[in-house]
Amino acid sequence: MELTALDNIKIVTAKESKITSVDFDNLSFGNVFTDHMLVCDYDNGVWGDPEIKPYEPFTMDPSSRVFHYGQAIFEGMKAYKDENNDVWLYRPDQNHERFNKSAVRLAMPEIPEEIFIDGLKKLIEIEQKWVKKGKGNSLYIRPFMIATGHGVVASPSNQYRFCIILSPASAYYSGDVKVVIADHYSRAANGGIGAAKAAGNYSAQFYPTKLANQEGFQQIIWTDDATHTKLEEAGTMNVFFRINDTLYTAPTSERILDGVTRKSIIDIAERDGIDVDVRPVLVSEIVEAAEKGTLKEIFGAGTAAVISPISGFSYKDTYYELPKLQNSFASEIKEKLTNIQYKLAEDTFGWTVKI
Ligand code: COI
1 MELTALDNIK IVTAKESKIT SVDFDNLSFG NVFTDHMLVC DYDNGVWGDP EIKPYEPFTM
61 DPSSRVFHYG QAIFEGMKAY KDENNDVWLY RPDQNHERFN KSAVRLAMPE IPEEIFIDGL
121 KKLIEIEQKW VKKGKGNSLY IRPFMIATGH GVVASPSNQY RFCIILSPAS AYYSGDVKVV
181 IADHYSRAAN GGIGAAKAAG NYSAQFYPTK LANQEGFQQI IWTDDATHTK LEEAGTMNVF
241 FRINDTLYTA PTSERILDGV TRKSIIDIAE RDGIDVDVRP VLVSEIVEAA EKGTLKEIFG
301 AGTAAVISPI SGFSYKDTYY ELPKLQNSFA SEIKEKLTNI QYKLAEDTFG WTVKI
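Anchor point for the sequence shown: position 316 equals 316 in full-length UniProt numbering, and the numbering is continuous, going up by one each time.
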């Protein structure tokens, strides 16, 4: 493996590895973490030296701003192992860029590339045995930043902690994904933090999603807060709609996350001659297409979810079942995307980065 250029990093290795106690055939998403984590603290305008150390709990002041005002952001990324045992990251520059955009929006400090990307590479060099070979296996990477400054005054903190934790992963959704189209609750509003990967964007969805779960649905497709007429994203993933042979997805905006999987799908589809129309998608046209039988597919796209077909949706108490296709765009594009990620196809886009 090539060594990274990060030379001011402190490394303390774990006395023993937990890996032998992990059942890699029965992972549930995000529950098991590797032996080490990367931690880097920021104090009054300066990032300190990053440290890789055994995964362990933090000790924090109960008045830390993150507990009171939710000043917290994160990213979701994955590492993949190829047939030669090389480990690859997928478009890490995009996650770094988006992390810094989220940081600016939440009045947090931006993080330099040497800490975010080189630090991550170093951490994965140490944890490479946790990346299992084979399609569907990956190492989910969760970089995050929290406000650690103490005091409950409602203003940005002067202290922050950046941390990266790693979790071996398989599928995020197992089984059918049915969704509800939102007609009351909202995820985001213009001028708000919807485009940031802010912790609060996710916790705000928990209650309406719990109500949807009680009705047998896994996710909500959010609509614009002002009129509830435009389809936006599903909260844990962006969404695509196929009417006849054209794919539609909403443009990114102040309310929608600029998903890395989303933009990869658009590029792959366009390269391979699938028509993609990035424009506001109306609830009414999706309902009408479902009634006419021209709505062929809906699928979600995200790092954790990869490409997850949606089997049906509910809107204002009517449930619309989608056709079960033999050759779906979702499976065709997923195959092409994952072939690039697992180095089973040539990466003509230059998206993969070797550790
Ligand atoms: C990801 O796909 O990486 C996300 O951040 C979604 C998360 C809520 C699991």
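C-beta atoms are modelled at their ideal positions from N, C-alpha and C, and glycine is treated no differently. Note that this is a predicted model, so its numbers are computed, not measured.
Report the three-state DSSP secondary structure of GLU2 (helix, strand or coil).
-> For GLU2, the predicted model reports a pLDDT of 43, less than 50, meaning its position is unreliable; a value from the coordinates is still stated below. Of the three classes helix, strand and coil, the one that applies to GLU2 here is coil, per DSSP.
Close beta carbons around TYR342, own chain, < 7 Å, minus the five adjacent residues each side | Cβ within range, chain order: TYR80, ASP82 and LYS135.
Indicate, with yes or no, if the ligand COI has a heavy atom lying under 7 Å from the CB of GLY293.
-> no
Is there at least one non-hydrogen atom of the ligand COI closer than 7 Å to the beta-carbon of GLY194?
-> A distance criterion of 7 Å places the beta-carbon of GLY194 beyond contact range of the ligand COI, judged by its closest non-hydrogen atom.
The alpha helix (DSSP H) enclosing PRO92, as first and last residue numbers = 92 to 105
Taking only heavy atoms of the ligand COI into account, decide whether any of them is closer than 7 Å to the Cβ of ALA305.
-> yes
Residues near ALA196 in its chain [Cβ-Cβ closer than 6 Å; skip 5 each side] | Taken in chain order, the residues that qualify are SER102 and ARG105.
Quick one: what does DSSP say LEU344 is sitting in, helix, strand or coil?
-> coil
Considering only residues of the region 196 to 265, which uninterrupted beta strand (DSSP E) runs meet the minimum length of 3 residues and lie entirely inside it, listed in chain order?
-> 219 to 221, 238 to 243 and 246 to 249
Beta-carbon proximity list for LEU3, same chain, < 7 Å, skipping 5 on both sides = Legend: pLDDT at LEU3 = 43, less than 50; position of this residue unreliable, no value from coordinates given.
heavy atom of the ligand COI below 7 Å from GLY70 C-beta | no
Taking 7 Å as the cut-off, does the CB of THR236 come closer than this to any heavy atom belonging to the ligand COI?
-> yes
Which value, in whole angstroms, describes the spacing of the CA atoms of PRO251 and PHE206?
-> PRO251 and PHE206 have their C-alpha atoms roughly 24 Å apart.
Which first and last residues belong to the alpha helix (DSSP H) in which LEU120 is found?
-> 119 to 126
Complete runs of the beta strand (DSSP E) confined to the region 284 to 353 [at least 3 residues] = Fully contained in the region 284 to 353 are the following beta strand (DSSP E) runs of length 3 or more, in chain order: 295 to 302, 306 to 309, 312 to 315 and 318 to 321.
Beta carbon of GLY76: closer than 7 Å to some heavy atom of the ligand COI?
-> yes
Residue from VAL177, THR148 and ASP245 whose Cα sits closest to the Cα of SER308 | VAL177
How many whole angstroms separate the CB atoms of GLU297 and ALA330, which I take to be in contact at a CB cut-off of 8 Å?
-> 6 Å
Neighbour-count burial assignment, THR249, 16 or more Cβ in a 10 Å radius = buried
Whole-angstrom distance between THR246 and MET145, CA atom to CA atom | 39 Å
CA-CA distance, GLN214 and GLY192?
-> 28 Å
Report yes if the C-beta of TYR202 is less than 7 Å from at least one heavy atom of the ligand COI; otherwise report no.
-> yes
Got a sec? Which residues, its chain only, sit under 6 Å from ILE265 by beta carbon, not counting five neighbours each side?
-> ALA301 and ILE333
By how many angstroms is the C-alpha of GLU75 removed from the C-alpha of ALA199?
-> 10 Å
Taking buried to mean at least 16 other C-beta atoms within 10 Å of its own C-beta, is LYS122 buried or exposed?
-> buried
Give a yes or no on whether the C-beta atoms belonging to LEU6 and CYS163 are separated by under 8 Å.
-> Inclusion of LEU6 and CYS163 in the CB contact set at 8 Å is not warranted, their separation being larger than that value.
For ASP277, the residue or residues it bridges with in DSSP = TYR248
When the Cα of GLY312 is compared with those of VAL306, ALA305, PHE299 and ALA304, which residue comes out closest?
-> Comparing Cα positions, the closest option is PHE299.
Given that a residue counts as buried once 16 or more other Cβ atoms are within 10 Å of its Cβ, and exposed if not, what is PRO168?
-> buried
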